[in-house]
Structure formats: structure tokens, C-alpha cells
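Asks: Residue numbers (our numbering), protein chains in the order written: chain A, 1 to 344; chain B, 1 to 344. First the structure, then my questions, so here it is.
Written out as C-alpha cells, the structure reads:
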């Protein structure tokens, strides 16, 4: 199975499951659900039906593929996959509020359209719905024990996600962030959910604890590689390809890996800290910061970490290879390569 | 068992369970948990250890009592009870942000101390923890089937809670709210969680579906009576007893039951709508509004509804009485009486 065939097969099923979950119980509360539908790309700002691109849906795909690779019917994992994608979107809704972000996916964020209070509350509704998705696993014949274990992993992940967001926000006011702390932050903010997705797929399939753990390691490695690659693109990405302005992460003074690397590198720490302690950056600051990052070889250091993380993810799949369904395992390998070599 | 003995016996166990759940995994993320601890009354604003009164803990008590009344060991329900109280506090943290409330329980709200972004995110962490509490039921010997069913009821309640908050916020800009819509709002905002609490207790005890449903009806009736009594106190409460300013709900133009009643009463709708459509109220508006409420007999109408709701709750307990443990059933009856006759 090719990567694009896997997406073509499972994405419509995932989308259908999500739509059947995000269904208003009656007209009185419909406005609450409209906010979720807007965020998910199913409505325009005036609430007409629409279809906007609303993310890559990588997490639910990993869940379905993890189930198929470990010998289950991929379709059995669709409810959990929908839950994982809803949880991801819950966290984006709150991140946009907490980070005061006006746009996402080229559209105004939900809080801009509906106001912060209603958008914050709609996200909480989506948090509830993401859990309700899991009870549908019972209709797929998944035993109660596996449902409880999948939900427990899901909730531990939810907690890790909020810890990651806490660290990310707390880094904004700090200049002494270490790469170890950065790793902990992305392990929560990106790794936890991407690790949990194939892990829960394998659990639904009834895989052994050792196999389940391997699928988690794959997802965590992929998540780390994905985030570090994002950090590379946020500074050195091609504006025409990423759709973001050049060096956007520098302008935002984001504590991404390359910046943390240069902030802690003996040769550059002094000057970097001085500049990052100063007033907000303008376009004229980009050049000098890029020179400092060159001196510290921060791009190479980040790309090394991308490689390390993707190697770890690949090795985790090698561990399960003997007992796995190669059809889906190969799609998981292809997805990893596609994500770490992406330019947007 | 007397009401105060039940609180003296179970509250320390519930508190202990909550504290063991809200435990930072390491020092790096400790600040995230400090925000939760502040809200729960366990820390002062400078993060020193403290003990402030942090609510009546009615929900976890109902859960423990529901378990005991339906023949279970009350202690077996402690994890679920802690989860219900954490969920309640998660919703308060977000309500305070969404309603822009500066104080709660005579202290600055968490967002005032820590800022909106960190407080919003800490609430999400508490949402995760409220779920993690339930997996501890397995250690109490509760079968996986009952754990899954308890969690499903819990998550349906979470969704209803957000619908209630949506309706409450959407009422602010409307003058045509009906008492039916008001009922739907409090059924979500107050009834869902108070209904779910003894229901989950009974489920943990292994009660029959019919008994479980009766405990839910008890909690829902108690919740409705509790909220309507709150509405009475918000207008006619004694300032010295409630600690709130006289007629605080009038000054805030809150769409509480008495107000909705007068807004829809043929004799008063016209004048009420005109006044509520006008500019913000000052102290001089209280007298005229009280006169309109008198004319519509809105206080009597609300007190009638309190009686109807508490009668329904009492009848639900009568349904389970033959098979219930009278020791805990009587505490549940006493708790109902105490809540509907309260003056603060």
C-alpha cells in the first residue's frame, strides 16, 4: 500500500467518524457545535457549510496504521483515531487563545470570530467529545480491558500535552533554557500525542505490551523529528514553500531548538542572550541572528537531532517488523520519511 | 450516620486522594501544578502551602454516599469522587476566565494571579487529572466494564456541562429567554454534574441500571433545587449571610429564574424587557426591579420550582429505599434538606 492510497482509504472514514461525533443534540445548543465545526474547517465564519483544509490528520492515520500493522482490522481503530484528532484540535483551539494567535491554516482563529469565552468553552466540549469517541470501540468488538487501557494512555497523554504547553509558555520569559528542557517541552507538546496515536492503534489490535511500546517509541521519535524539522523550517525555510515569512521564529523570538542551542553554546551564548534580552526584533535583527546561529553551527546541530530522532523511530519499527503486517508497516516508514524531508 | 459525621469521615479521604492526583511529576513542570494547587486552596498566591476553604465538596460526597447507599463500600468510590471534584474545579477555572471574574471564594481567581494563558492551560491539566482518577477504581476491585461505563457517563456529563455554559453565555445578549431554555441551561451547568455524582457512586457499587438511574434523578433534582435556591438568594439573600452585595444578580443583569420568569410574565414582560435592554444597572435600579418581580410573583414562582425539584429528588430516593443501606440514604436526604433550606 502506498502512502497516498492509505490516506485516500482511511481519511474519509476518519472524517465521517469525526462528523458523527460533533453533532449538536438539538437546535438550542447548536451554536456551541458550530464553533467546533468552524475550527475543523466544516463551516465558514458565517456558519455556512464549507470545506477548508484543516490539518494533515497525521495522528489519526498513525492510529489506524498502528492497528493494521500489528495485525488488527484498521477500521476497528477509526473511533480512537477520530478521538485523537479531536483532542489535537481541542489543544489547538486553546493554544490559539493562550498564544493570542489571530490566524491558523490561513483563516481567522475561532476566538477571533466567536470571542474568547465561547471559543474556550467550545474547545472543552471538543475535549469531552474526544473521549466519547473511545466508547465506540466497544461496538468494534474491542474488549473493555483494552478500552480502559487505551483511555488511560489517552488521558496521561492529555496531561503531558498541558505540561508541554506550560513549559513552552514559561520559556518565553527565560534565557537560560537548556536543550534538555527543550526536549522535555516537545516530548509533551508534540511527542506525547504522536507517540500515543500508533500506540493506541496497536492496543486496539490486541498487540503485546512490548509491541505496543515499540509503536509508541516510533511515534515519539517521529514527533521529535517532526518538531525539530519544524524548527529548521521556521528559521531557514523557503518563504514560497512554507507560506510563512522568512525566519518567522526569529522575529517571534521563539525558543526553538536552534535558538536554545546558540543560547547555550560557549561561543555564542553571551551575544545571543544579550540580543534576546533586548527589545522585540525587527527585520534588521534577522541577519545578525543568522550569523550567530552559523557560528554556533546550530542548523547542523538541529539537523543531527532530526536524524537521531528519525533513526530511533525507524529502529522501533524494525523491532516489530517480524510480527507486523508489512503492508501497513511500510506506509508507516514512508510517512516518517515524508515528514522529516518535508520543506513546508 | 449524621450529615456532619459523613463529611468528617469522608472529606479527609477525598482530599487526600485529590492531593495524590495533583502531584507534579518533576520540578520542571511544578509551576503548572502550583496553579491547580492555588485554585484548590492548597497554596497562597506566593505559592506557600496554605489551606483555604475551597468549596463545599458536595459532588464527591454524593458519589461516596451513592456508593454506600446502594450497598458498596463507600471507600471504593473515593477515586471517582476525587475525579468529580477535580472536574468541577476545572470548570470553575475556565468559567472564571470566560466570565472575567476577578474573585472566587474570597480570593483572587487563578487567572488574575498567574495570567489567563497559564490558568487556562492548568485547567486543562486538571481536566486530564479528573479522568486519571477513574483508573484507580481498578485498584479498588471495580471491574473494567463498570470503569468504562462510569467514564462514559462522566464524559457525557462533561459535554453537557459545556453546553450549559454555552447557553448561560448566550443568554447574556438575549431578552427572549424562556423558562424552558433556562431549565436546559441549569440541567447542563448544575444538574449534569450533580446527577452524575451519586449515579457513578451507585455504578461503582454494582447497582442495577434502574437503581443507578434513580440516584441520577436524585442528583439532578437536588442540582435543580440547589441552583434555583441560589437564584433566590442572589436577589433576596441577606447580605450579612451570603457575603454578596444585596440583589447582586440584579446588578449583574443575570438571567436567573426569577428574572426570566418576569421577562416572560404577561403582566411584566414589557417593562422588564425595556429595563434589561437599557444601560448597565446601578443601585437605583434595584428598587424598581424588585417591584416588578413582586408584581409577577417571581419569588413565589421560583420557590415553587425549588419545592418541585426537591420533591422529585426525594421521590427518587424513595424508589431505591427498599434495597438501599438506610444509613447512607438518610445522609442523602439530610443533605438535600440542608441545601434547599440554606440561607448562604
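Yeah, the Cβ is synthetic: ideal placement off N, Cα and C, and Gly gets one too.
1) Look at the alpha carbon of residue 238 of chain B and the alpha carbon of residue 335 of chain B, and state the distance between them as a whole number of angstroms.
2) Can you check which of these residues, A:288, A:269, A:264, is closest to residue 250 of chain A by C-alpha distance?
3) Return the chain-ordered ranges of every alpha helix (DSSP H) run that is complete within the stretch 239-326 of chain A and spans a minimum of 4 residues.
4) Between the Cα of residue 186 of chain A and the Cα atoms of A:144, A:75, A:169, A:80, which residue gives the shortest distance?
5) Could you name the residues that DSSP lists as bridge partners for residue 103 of chain A?
6) With 16 as the cutoff for other CB atoms within 10 Å, does residue 141 of chain B come out buried or exposed?
7) How many angstroms separate the CA atom of residue 36 of chain A from the CA atom of residue 258 of chain B?
8) Within 10 angstroms of its Cβ, does residue 131 of chain B collect 16 or more other Cβ (buried), or is it exposed?
9) Since residue 164 of chain A and residue 188 of chain A should fall inside the 8 Å C-beta cutoff, what is the C-beta to C-beta distance between them, to a whole number of angstroms?
10) So, at 8 Å on beta carbons, what are the nonlocal neighbours of residue 71 of chain B in its own chain, with the 5 sequence-adjacent residues on each side left out?
11) For residue 120 of chain A, go through chain B and note every residue whose CB falls closer than 8 Å to its CB, in chain order.
12) Taking the alpha carbon of residue 310 of chain B as the reference point, which residue from B:195, B:107, B:87 has its own alpha carbon closest?
13) Select from B:344, B:246, B:192, B:286 the residue whose C-alpha is nearest the C-alpha of residue 215 of chain B.
14) In angstroms, rounded to a whole number, what distance separates the CA positions of residue 41 of chain B and residue 19 of chain A?
15) So, residue 82 of chain A versus residue 14 of chain A, is the Cβ gap smaller than 8 Å?
16) Between which residues of its own chain and residue 134 of chain B is the CB-CB distance below 8 Å, once the five residues before and five after are set aside?
17) As a quick exercise: from A:127, A:69, A:112, A:100, pick the residue whose alpha carbon is nearest that of residue 90 of chain A.
18) Which residues does DSSP pair with residue 49 of chain A in a beta bridge?
19) Look at the alpha carbon of residue 248 of chain A and the alpha carbon of residue 290 of chain A, and state the distance between them as a whole number of angstroms.
20) Mind listing the chain A neighbours of residue 16 of chain B? Cutoff is C-beta to C-beta under 8 Å, in chain order.
21) Between residue 280 of chain A and residue 253 of chain A, what straight-line distance do the alpha-carbon atoms span, to the nearest angstrom?
22) Take the Cβ of residue 122 of chain B as the centre, count every other Cβ of all protein chains shown within 10 Å, and call the residue buried at 16 or more, exposed below.
23) Could you tell me if residue 16 of chain B is buried or exposed, where buried requires 16 or more neighbouring beta carbons within 10 angstroms of its beta carbon?
24) So, is the C-beta of residue 192 of chain A closer than 8 Å to a C-beta in chain B?
25) Quick one: what's got a C-beta closer than 8 Å to residue 276 of chain A's C-beta in the same chain, skipping five residues either side?
26) Rounded to whole angstroms, what is the Cα-Cα separation between residue 59 of chain B and residue 58 of chain A?
27) Which residues in chain A have a C-beta closer than 7 Å to the C-beta of residue 144 of chain B? List them in chain order.
28) Whose C-beta lies closer than 6 Å to the C-beta of residue 268 of chain A among residues of the same chain, with five residues either side of it excluded?
29) In the DSSP assignment, find the unbroken alpha helix (DSSP H) run with residue 60 of chain A in it and report its ends.
30) Smallest Cα separation from residue 45 of chain B: which of B:139, B:114, B:5?
31) Just the chain B side, please: which residues come within less than 9 Å of residue 32 of chain A by C-beta, in chain order?
32) What residue from B:67, B:234, B:49 has the CA that sits closest to residue 342 of chain B's CA?
33) Shortest alpha-carbon distance to residue 5 of chain B belongs to which of B:327, B:241, B:339?
34) Does the distance from the C-beta atom of residue 39 of chain B to that of residue 93 of chain B stay below 8 Å?
35) Quick one: Cα of residue 63 of chain B to Cα of residue 199 of chain B, how far?
36) Going by DSSP in three states, residue 82 of chain B sits in which element: helix, strand or coil?
Replies: Short version:
1) If I take the Cα positions, the gap works out to 22 Å.
2) Out of A:288, A:269, A:264, the CA that lies nearest to the CA of residue 250 of chain A is found in A:288.
3) 239-242, 248-251, 257-264, 269-277, 283-296, 298-320, all fully within the stretch 239-326 of chain A.
4) That would be A:169, whose Cα lies nearest to the Cα of residue 186 of chain A.
5) Note: residue 103 of chain A sits in a beta bridge opposite A:108.
6) With fewer than 16 Cβ atoms within 10 Å of its Cβ, residue 141 of chain B is classed as exposed.
7) Taking the straight line from one Cα to the other gives about 32 Å.
8) With 16 or more other Cβ atoms from the protein chains shown falling within 10 Å of its own Cβ, residue 131 of chain B counts as buried.
9) About 2 Å separates the Cβ atoms of residue 164 of chain A and residue 188 of chain A, confirming a contact at the 8 Å cut-off.
10) For residue 71 of chain B, where only same-chain residues beyond five positions count, the Cβ hits under 8 Å are 205, 206, 207, 323, 324, 325.
11) Result: 94, 97, 98, 120.
12) Closest option to residue 310 of chain B, Cα to Cα, is B:195.
13) Minimum Cα-Cα distance from residue 215 of chain B among the listed residues B:344, B:246, B:192, B:286 corresponds to B:192.
14) Answer to the nearest angstrom: the Cα atoms are 40 Å apart.
15) Yes, these two residues count as a Cβ contact at 8 Å.
16) Close CB contacts of residue 134 of chain B within its chain, under the 8 Å cut and outside five residues either way in sequence, are with 79, 80, 83, 147, 150, 151, 154 (chain order).
17) For residue 90 of chain A, the nearest C-alpha among the options comes from A:127.
18) Note: residue 49 of chain A sits in a beta bridge opposite A:43.
19) Whole-angstrom Cα-Cα distance: 12 Å.
20) Within 8 Å Cβ-Cβ: nothing; residue 16 of chain B doesn't reach chain A, min ~20 Å.
21) Roughly 8 Å between the two C-alpha positions.
22) Residue 122 of chain B is buried by the Cβ-count criterion.
23) Taking every protein chain shown into account, the CB of residue 16 of chain B has fewer than 16 other CB atoms within 10 angstroms, so this residue is exposed.
24) The beta carbon of residue 192 of chain A does not come within 8 Å of any beta carbon belonging to chain B, so the residue lies off that interface.
25) Same-chain partners within the cutoff: 175, 253, 259, 263.
26) Their Cα atoms are separated by approximately 39 Å.
27) Those within 7 Å of residue 144 of chain B in chain A are 144, 145, 148.
28) For residue 268 of chain A, where only same-chain residues beyond five positions count, the Cβ hits under 6 Å are 262, 292, 295, 296.
29) Element bounds for residue 60 of chain A: 58-69.
30) Distances from the CA of residue 45 of chain B to each of B:139, B:114, B:5 were compared; the closest alpha carbon is that of B:114.
31) Identification of chain B residues near residue 32 of chain A by a Cβ-Cβ cut-off of 9 Å yields 162, 163, 165, 166, 167, 170, ordered along the chain.
32) If you compare the alpha carbons of B:67, B:234, B:49 with that of residue 342 of chain B, the shortest gap goes to B:234.
33) The residue with the shortest Cα to Cα distance from residue 5 of chain B is B:327.
34) The criterion of a C-beta distance shorter than 8 Å is satisfied by residue 39 of chain B and residue 93 of chain B.
35) Roughly 7 Å separates the two Cα atoms.
36) Residue state, collapsed to three classes: helix.
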